[in-house]
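Q:
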Amino acid sequence: MKALIAYDGSETAQCALEFALNLKNSINKFLVVYVIPQIIGTTPTYDTYVPESMFEDERRKAEEIIEKAKKLVSNENLDIEFEIVDSGTKTVAKKMVEVAEENGVDLIITGSRNLKGLTKIILGSVSSELLKLSTVPVMICSTNACK
Numbered sequence: 286m287k288a289l290i291a292y293d294g295s296e297t298a299q300c301a302l303e304f305a306l307n308l309k310n311s312i313n314k315f316l317v318v319y320v321i322p323q324i325i326g327t328t329p330t331y332d333t334y335v336p337e338s339m340f341e342d343e344r345r346k347a348e349e350i351i352e353k354a355k356k357l358v359s360n361e362n363l364d365i366e367f368e369i370v371d372s373g374t375k376t377v378a379k380k381m382v383e384v385a386e387e388n389g390v391d392l393i394i395t396g397s398r399n400l401k402g403l404t405k406i407i408l409g410s411v412s413s414e415l416l417k418l419s420t421v422p423v424m425i426c427s428t429n430a431c432k
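Going from the sequence shown to our numbering is simple: count from 1 and add 285.
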């Protein structure tokens, strides 16, 4: 079984990664993916000038986050890959599903920030969108799962 772990460096993403590693008897290949989110001002219908430095900053941030994930699993003897993907004009969830399909993933594991009320309406929920879009099972870990 191959699992994709959606990883953004947050506490819930770390929890999802730790939880996934606990399933190493069932999962024989891990793909840890950070999706660089769409930069505000770049949408399919509007093109706004975005300085190259913003893209470079996002890429640098992504590399730092993936390095932290690598340190978390450095003591594990697993078949594990790390990937940084740019979402382009897609949502993080759409890009994550695309990566899962391209890599023949059997399971997506992600964290959930448990957004509520207006914050959830405005910001949306990557985990909720993953559930709607994914063609493979999605496991959502809350921070309570790691306490």
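Glycine included, C-beta positions come from ideal geometry on N, C-alpha and C.
Taking 9 angstroms as the threshold (C-beta atoms), are Tyr319 and Val370 in contact?
A: Your numbering for residue 370 matches position 85 in the sequence shown. Your numbering for residue 319 matches position 34 in the sequence shown. Cβ distance < 9 angstroms, so Val370 and Tyr319 count as in contact.
Q: What's the C-alpha gap between Ala288 and Asp391?
A: Against the sequence shown, residue 288 aligns to sequence position 3. Against the sequence shown, residue 391 aligns to sequence position 106. Looking at the two C-alpha atoms, the distance is approximately 6 angstroms.
Q: For Ile393 versus Ser427, is the C-beta distance shorter than 9 angstroms?
A: For the purposes of this step, residue 393 is taken as residue 108 along the sequence shown, with counting starting at 1. For the purposes of this step, residue 427 is taken as residue 142 along the sequence shown, with counting starting at 1. No, the Cβ-Cβ distance between Ile393 and Ser427 is not below 9 angstroms.
Q: Between Ile425 and the rest of its own chain, which residues show a CB-CB distance below 7 angstroms, the 5 nearest in sequence each way excluded?
A: Mapped onto the sequence shown, residue 425 falls at position 140. For Ile425, where only same-chain residues beyond five positions count, the Cβ hits under 7 angstroms are Thr395, Ser397 and Ser412.
Q: Can you round the beta-carbon distance between Leu357 and Leu302 to whole angstroms, since I take them to be within the 8 angstroms contact cut?
A: Locating residue 357 in the sequence shown gives position 72, where the first residue counts as 1. Locating residue 302 in the sequence shown gives position 17, where the first residue counts as 1. About 6 angstroms separates the two Cβ atoms, so the contact holds.
Q: With a threshold of 16 other CB atoms inside 10 Å of the CB of Met339, please say whether the residue is buried or exposed.
A: Along the sequence shown, one-based indexing puts residue 339 at 54. With fewer than 16 Cβ atoms within 10 Å of its Cβ, Met339 is classed as exposed.
Q: State buried or exposed for Leu415, treating a residue as buried only when at least 16 other CB atoms are found within 10 Å of its CB.
A: As a working mapping, residue 415 is identified with position 130 in the sequence shown. Classification of Leu415: buried, given that the 10 Å Cβ count is 16 or more.
Q: Quick one: what does DSSP say Glu368 is sitting in, helix, strand or coil?
A: What you label residue 368 is simply residue 83 of the sequence shown in a count that begins at 1. Reduced to three states, the DSSP call for Glu368 is strand.
Q: Apply the 10 Å Cβ neighbour rule to Ile407 and answer buried if 16 or more other Cβ atoms are within range, or exposed otherwise.
A: Taking the sequence shown and counting its residues from 1, one reaches residue 407 at position 122. With a pLDDT of 48 at Ile407, under the threshold of 50, the modelled position of that residue is not reliable, and the figure given next carries that caveat. With fewer than 16 Cβ atoms within 10 Å of its Cβ, Ile407 is classed as exposed.
Q: Looking at the unbroken alpha helix (DSSP H) that takes in Ile351, where does it start and where does it end?
A: Residue 351 sits at position 66 when you count from the first residue of the sequence shown. Ile351 -> alpha helix (DSSP H) spans Glu337 to Leu357.
Q: For Ser295, which residues of its own chain have a beta-carbon under 8 angstroms away from its beta-carbon, when the five flanking residues on both sides are left out?
A: Residue numbering aside, residue 295 sits at position 10 when the sequence shown is read from its first letter. Correct list, in chain order: Gly396 and Arg398.
Q: What is the DSSP secondary structure of Lys309, counted as helix, strand or coil?
A: Residue 309 sits at position 24 when you count from the first residue of the sequence shown. Lys309 falls in the coil class under three-state DSSP.
Q: For Ile365, which residues in the same chain have their Cβ closer than 7 angstroms to its Cβ, ignoring the five residues on either side in sequence?
A: By one-based count along the sequence shown, residue 365 stands at place 80. Within the same chain, Ile365 has close Cβ partners Phe315, Val317 and Val358.
Q: Under the DSSP definition of a beta bridge, which residues are partnered with Tyr319?
A: If you number the sequence shown from 1, residue 319 lands on position 34. Answer is Ile369.
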